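Since the structure comes first, as structure tokens, the remarks are kept for the end.
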Amino acid sequence: MNKILAIAFKDNFVRFSSPGEWLFFLVLPVIFSVVIGLATGAQTDSRIALLVVDQDGGELARDLIDVLQDSKTVAVREYLLSEAEEKFRERQAPAMLVIPAGLAEAQAGGEEVELQFTEAAGNVDAVAARQAVQAALGSLGRALQAAGVSLTAAAEIRPFADQAARDAFFQDGKDKAAALFADQPERILVTGPAQKAEEDFWRPNTQASAGTIVTWVFIPLLAISEFFALERQLGTLRRMLSAPVSKAVYLLGTITGQLGTALLQMLILAGFGTLLLGVSWWHDLAATLTIFLAFGLASVAFGTMLGTFVKTQGQASGLSLALGMSMALLGGCWYPLELFPEFVQKAVLVLPTTWAMMGMNDIVLRGQGLAAVLPEAGALLGFAVVFFTVGVLRFRYE
Amino acid sequence: MKALQIAFKDLTVLFRDRTALLLMLGAPLILTVGLALISGRMSGSSGPAFQNLPVVIVNLDQGVVGGQLADAFSSDELDDLLNPQTAEDAAAARALVNDDKVVAAVIIPAGFTDAVTGAKESGAADRIEIYANPNREISSQIVTAVVESFVQQVELARVSGQVAVEQLLAAGLINPQEAAAVGMRVAERSVSAQNSGAAIRLVSAEKSTEPEQDFDMMGYFAPSMAILFLMYTVALGGRNLLAEKETGTLGRLVSAPISETAILGGKLLGIFLVATAQMSILILANALLFGVKFGDPLGVAVLILALAAAASGWGILVAAIARTPGQVSTIGMALMLTFGVLGGSFIPINNMPAWFNLVSKITPNAWGIEGFIALGYGDTLPQLAGTVAGLFGMAAVLFIVSVTLLRRKNLMQG
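As you go down the protein sequences, you meet chains A and B in turn.
When we follow our numbering, the leftmost residue of the first sequence carries the number 182, and every step to the right adds one.
When we follow our numbering, the leftmost residue of the second sequence carries the number 791, and every step to the right adds one.
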């Protein structure tokens, strides 16, 4: 046991004697978390900018802008037409809405009104902005529509005496409808398998926090292959042959050291996830520790196996980064897996990063506990057994 | 001429290094393939493939409204989008979500029709429950939007009927016995009026900067990954420079009939040539493999040169600051990842605070991605002048500082 701990201590001492190592261990992952926090956090208005030109200036136009301002999708930026066109040309916003003069009169006269919506071609944000405007129009138009249908029904029974009577009836209907819509009961309840409060449930930060941990812990753990390559290159592994240390003890020592450090790193990053991104990692400590441990073991085993395939430190370094980043992307660490085609979602089940993300998402997205993460933890331990077996069988001192 | 020979020699040596090629060309292409899968490029669509989303419906309502909602999920309009199935009870439906078999369960409660039509008082238990799969956040939001749209129609019908009945009764146009039938008729009419189009119509026009050109999402993803690994390449160039000092090969060159300036110039030119070659190969590969439209070829070529120059400046600066080749590798890798985060290679930064966008301008990534996006939108070289000038300006400053530091370092003395 002492030998294992001594090797573990030595490896970490060597590793962290380089200031650069702290960059990968802590600094870069924290920068990554901060950037994600800025991109998705509440302190930033991440809504899509929508340029709005109000040429009407009437009450109806104002109502529409107010509805848009309450939108979760678009952030209204009001300008004169020339300013808005200039900003659209400069791509400061992907879409522009022009409310023409005479909107209220045309609407009251029963005429169809056209609002001009200009969007950047092929821009996804512009499509989302258009949908938001259509939803706002739908919401605003509902009271008008209800009043209009009532007006038609009344006119069919007995025509109005004059335009003033017609306008008054329409206005009364609109007010009644608006009041009823304002008081309409909640008809939909969105729930899910989370045990947490509903406001914590749909946060993109949760995916980001888990993705950051998997990415930044996985890549350094693959870099354990560099240790083996370097020690082989320097001949220090060969010298081990003369020491009273078996292959198993040597490997266990190296793995224990890196695994311990990785666990510490995961706990620190989860702490930052909680502080910076508001993600709850701690409602079931046993679940979090289990998935961290299983992921750490699978990753360190993969690094060990990789170390037996590479010849030089440069190869190990390159492969660790290339494989680590690719497996992180395909495992759903950067973008949710649901964005990938279905065959890819199935194919990536061969990657430990996918199972780690599934397990961590069970905890932070679903709010689940130990029982829920056991299948993912089991799969990760399975990976660990396979990778270790291959690694130990292929391991050579020279 | 001798400097050029040294540069080409370095270029040849690096492109023979299989490990270097893996990171210079292999890794960015693999990552781009992953991103192409997200963009829908590999499945032939123009965006993420949200099709045939599996959803389970539990209709516990005995009335007409619940049935209409259940039918709406099987309508022709939603045929491509949703793949609905039904379940007898809520627990079974929730289990399907928990097992990640469906994106959401839509549970219509018993008595929903009565609650909507006012036959009974509406309470919390009368809400449609959408039990969403948190692993399919976007997909379950689509399902929620479908239900919201249906509920909006139902509410319009309810309010229209109620308003008409109240107004017609108040005006003495109908008597209370007729109220229910009139309310129903008006409700139906309001729904068909809504379906025939809103009174306020949105006329949509697509427009980009002239000339008209659709933006290709891969026009963001592909250069983002290429520039990310460009930073690796220039750091590798810097590392090789110090490695040659350490092994004494630079010192040996001094004894040859070549001036120190030509040697240093050749080495720095070599880094720039490798960076240019890497970016050119990656951009060409992305155009050929994924059909990415990068826009004006002249603009792309000049942008690649400007990017290679600015990135090389950073690579040389790292070599000038670091003491050993190992340090260059570590700092270079850190720089690559930091610039990737700050410059928008990992996450688009257009929605970041203004100060963040200002900071991002120290990275070639931010300028480069901005340039490629502008080209993708149809901009040409003249409109790219600011971006290109920014990158060459960065290159000039970094080059002057680096060469000054390298000269102080006595690089040629092994």
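All C-beta atoms, glycine included, are put in the ideal place defined by N, C-alpha and C.
All values derive from a computational prediction rather than experimental measurement.
Exercise for review: Output the distance between the C-alpha atoms of A1065 of chain B and L1020 of chain B, rounded to the nearest integer angstrom.
Suggested key: Within the second sequence, residue 1065 of chain B is the residue found at index 275, counting from 1. Within the second sequence, residue 1020 of chain B is the residue found at index 230, counting from 1. Their Cα atoms are separated by approximately 6 angstroms.
Check your understanding: So with Cβ pairs under 8 angstroms, would you call L812 of chain B a contact of chain A?
Key -> In the second sequence, residue 812 of chain B corresponds to position 22, counting from 1. Closer than 8 angstroms to some Cβ of chain A, the Cβ of L812 of chain B qualifies, so yes.
Exercise for review: Would you list, in chain order, the members of the segment 357-371 of chain A that have their beta-carbon closer than 8 angstroms to a beta-carbon of chain B?
Suggested key: K357, A358, L361, F362, Q365, P366, E367, R368, I369, L370, V371
Review point. What span of residues does the beta strand (DSSP E) with M1123 of chain B cover, start to end?
Key: What you label residue 1123 of chain B is simply residue 333 of the second sequence in a count that begins at 1. Unbroken run through M1123 of chain B is the alpha helix (DSSP H), 1115-1133; no beta strand (DSSP E).
**Study point:** Under 8 angstroms between C-beta atoms of V893 of chain B and S930 of chain B
**Key:** Residue mapping note: residue 893 of chain B aligns to position 103 of the second sequence, counting from 1. Residue mapping note: residue 930 of chain B aligns to position 140 of the second sequence, counting from 1. Cβ atoms of V893 of chain B and S930 of chain B: closer than 8 angstroms.
Review point. Can you tell which of A:P425, A:L432, A:F473 has its C-alpha closest to the C-alpha of M447 of chain A?
Key: Position 266 of the first sequence, counted from the start, is the residue given in the question as residue 447 of chain A. M447 of chain A has its Cα closest to that of A:F473, out of A:P425, A:L432, A:F473.
Check your understanding: According to DSSP, is R917 of chain B helix, strand or coil?
Key -> Along the second sequence, read from residue 1 onward, the residue named residue 917 of chain B stands at position 127. Look at R917 of chain B here: in three-state DSSP terms it is coil, with no helix or strand label.
Point to revise | CB of V896 of chain B within 8 angstroms of CB of V937 of chain B, strictly | key: For the purposes of this step, residue 896 of chain B is taken as the residue at position 106 of the second sequence. For the purposes of this step, residue 937 of chain B is taken as the residue at position 147 of the second sequence. Judged by their CB atoms, V896 of chain B and V937 of chain B are nearer to each other than the 8 angstroms cut-off.
Practice item. Output the distance between the C-alpha atoms of K792 of chain B and F1062 of chain B, rounded to the nearest integer angstrom. Key: Translated into the one-based positions of the second sequence, residue 792 of chain B becomes position 2. Translated into the one-based positions of the second sequence, residue 1062 of chain B becomes position 272. Near 16 angstroms, if we compare the C-alpha coordinates of F1062 of chain B and K792 of chain B.
Practice item. Give the interface partners of L204 of chain A over in chain B, defined as CB-CB distance under 9 angstroms, in chain order. Key: The residue given as residue 204 of chain A occupies position 23 in the first sequence. Near L204 of chain A (Cβ distances below 9 angstroms), the residues of chain B are T1120, I1121, M1123, A1124, L1127, T1128.
Practice item. Would you list, in sequence order, the uninterrupted alpha helix (DSSP H) runs of no fewer than 4 residues that lie entirely inside the segment 913-984 of chain B? Key: Segments of the alpha helix (DSSP H) lying fully in the segment 913-984 of chain B: 927-960.
Review point. Name the chain A residues whose beta carbon is nearer than 9 angstroms to that of I928 of chain B?
Key: Counting from one through the second sequence, the residue named residue 928 of chain B turns up at place 138. In chain order: P517, E519, L520.
Practice item. Check the DSSP bridge columns for Q526 of chain A and list the partner residues they point to. Key: For the purposes of this step, residue 526 of chain A is taken as the residue at position 345 of the first sequence. Q526 of chain A pairs with nothing; no bridge assigned.
**Study point:** Amino acids of chain B, ordered along the chain, whose beta-carbon sits closer than 7 angstroms to that of R547 of chain A
**Key:** Start at 1 with the first residue of the first sequence, and residue 547 of chain A comes out as number 366. Those within 7 angstroms of R547 of chain A in chain B are P924.
Point to revise | Backbone CA spacing between A797 of chain B and W203 of chain A [nearest angstrom] | key: In the second sequence, the residue the question calls residue 797 of chain B occupies position 7. In the first sequence, the residue the question calls residue 203 of chain A occupies position 22. Cα to Cα, A797 of chain B sits roughly 34 angstroms from W203 of chain A.
Check your understanding: For A307 of chain A, which of helix, strand or coil comes out of DSSP?
Key -> One-based indexing of the first sequence puts residue 307 of chain A at position 126. A307 of chain A: helix per DSSP, three-state reduction.
Review point. Within the 8 angstroms Cβ cut-off, does D800 of chain B reach chain A?
Key: The residue labelled residue 800 of chain B in the question sits at position 10 within the second sequence. It does not: the Cβ of D800 of chain B has no partner Cβ on chain A nearer than 8 angstroms.
Check your understanding: Grouping DSSP H, G and I as helix and E and B as strand, with all else coil, what is V566 of chain A?
Key -> The residue you call residue 566 of chain A lines up with position 385 of the first sequence. Reduced to three states, the DSSP call for V566 of chain A is helix.
**Study point:** For T372 of chain A: DSSP bridge partner residues
**Key:** As a first step, residue 372 of chain A must be located in the first sequence, where it is residue number 191. Beta-bridge pairing links T372 of chain A to B:Y921.
Review point. How is R420 of chain A classed by DSSP in three states: helix, strand or coil?
Key: Along the first sequence, read from residue 1 onward, the residue named residue 420 of chain A stands at position 239. In this structure, R420 of chain A counts as helix in the three-state DSSP scheme.
**Study point:** Of the listed residues B:A900, B:Q967, B:V981, B:L1188, nearest to L1058 of chain B (C-alpha basis)
**Key:** Looking up residue 1058 of chain B in the second sequence gives position 268. Among B:A900, B:Q967, B:V981, B:L1188, the Cα nearest to that of L1058 of chain B belongs to B:L1188.
Practice item. Look at A1099 of chain B and L1181 of chain B and say whether their C-beta atoms are less than 8 angstroms apart. Key: Residue mapping note: residue 1099 of chain B aligns to position 309 of the second sequence, counting from 1. Residue mapping note: residue 1181 of chain B aligns to position 391 of the second sequence, counting from 1. Taking 8 angstroms as the Cβ cut-off, A1099 of chain B and L1181 of chain B qualify as a contacting pair.
Exercise for review: Find the residues of chain B that neighbour F213 of chain A, judging by a C-beta separation of less than 7 angstroms, and give them in chain order.
Suggested key: Numbered from its first residue, the first sequence carries residue 213 of chain A at position 32. Per Cβ cutoff of 7 angstroms: V1131.
**Study point:** Under the three-state DSSP convention, the category T264 of chain A falls into
**Key:** Here residue 264 of chain A corresponds to residue number 83 of the first sequence, with the count starting at 1. First, the residue type needs correcting, since residue 264 of chain A is Glu and not Thr in the sequence shown. In the structure shown, E264 of chain A sits in a helix (DSSP, three-state: H, G or I).
Review point. Which residues bound the beta strand (DSSP E) around I1048 of chain B?
Key: Looking up residue 1048 of chain B in the second sequence gives position 258. Per DSSP, I1048 of chain B belongs to no beta strand (DSSP E) and is neither H nor E.
**Study point:** 7 angstroms CB neighbourhood of F576 of chain A in its chain, flanking five on each side removed
**Key:** As a position in the first sequence, residue 576 of chain A is number 395, starting the count at 1. Around F576 of chain A: K428, L432, T489.
**Study point:** Distance between Q942 of chain B and Q967 of chain B (C-alpha atoms, nearest Å)
**Key:** On the second sequence, residue 967 of chain B is found 177 positions in, with the first residue counted as 1. On the second sequence, residue 942 of chain B is found 152 positions in, with the first residue counted as 1. Computed Cα separation, rounded: 28 angstroms.
Exercise for review: Could you tell me whether the Cβ of L1039 of chain B comes closer than 8 angstroms to any Cβ of chain A?
Suggested key: Mapped onto the second sequence, residue 1039 of chain B falls at position 249. In the sequence under discussion, the amino acid at residue 1039 of chain B is Thr, which differs from the Leu named in the question. So no, T1039 of chain B is outside the interface.
Exercise for review: With 8 angstroms as the threshold, decide whether the Cβ of L1148 of chain B is near any Cβ in chain A.
Suggested key: The residue you call residue 1148 of chain B lines up with position 358 of the second sequence. Output row for L1148 of chain B: interface = no.
**Study point:** Whole-angstrom distance between V1131 of chain B and L1125 of chain B, CA atom to CA atom
**Key:** Your numbering for residue 1125 of chain B matches position 335 in the second sequence. Your numbering for residue 1131 of chain B matches position 341 in the second sequence. If I take the Cα positions, the gap works out to 10 angstroms.
Practice item. Grab the span of the alpha helix (DSSP H) containing P1087 of chain B for me, first residue to last. Key: Counting from 1 along the second sequence, the entry for residue 1087 of chain B is found at position 297. From DSSP, the alpha helix (DSSP H) with P1087 of chain B extends over 1087-1111.
Check your understanding: With respect to the beta strand (DSSP E) encompassing R258 of chain A, which residues constitute its N-terminal and C-terminal limits?
Key -> In the first sequence, counting from the first residue as 1, residue 258 of chain A sits at position 77. Segment 255-259, the beta strand (DSSP E) holding R258 of chain A.
Check your understanding: Comparing alpha-carbon positions, which option in B:G857, B:S950, B:L868, B:P818 lies nearest V845 of chain B?
Key -> Walking along the second sequence from the start, residue 845 of chain B turns up at place 55. Taking only the C-alpha atoms, the option nearest V845 of chain B is B:L868.
Review point. Counting only beta-carbon atoms, is V330 of chain A nearer than 8 angstroms to chain B?
Key: Counting from 1 along the first sequence, the entry for residue 330 of chain A is found at position 149. Chain B contact via Cβ: present.
Review point. For the beta strand (DSSP E) that contains F298 of chain A, what are its first and last residues?
Key: Residue mapping note: residue 298 of chain A aligns to position 117 of the first sequence, counting from 1. Unbroken beta strand (DSSP E) run through F298 of chain A: 294-300.
Practice item. Identify, in the order they occur along the chain, each residue of the same chain with its Cβ nearer than 6 angstroms to the Cβ of F805 of chain B, setting aside the five sequence neighbours on each side. Key: On the second sequence, residue 805 of chain B is found 15 positions in, with the first residue counted as 1. Contacts found: none.
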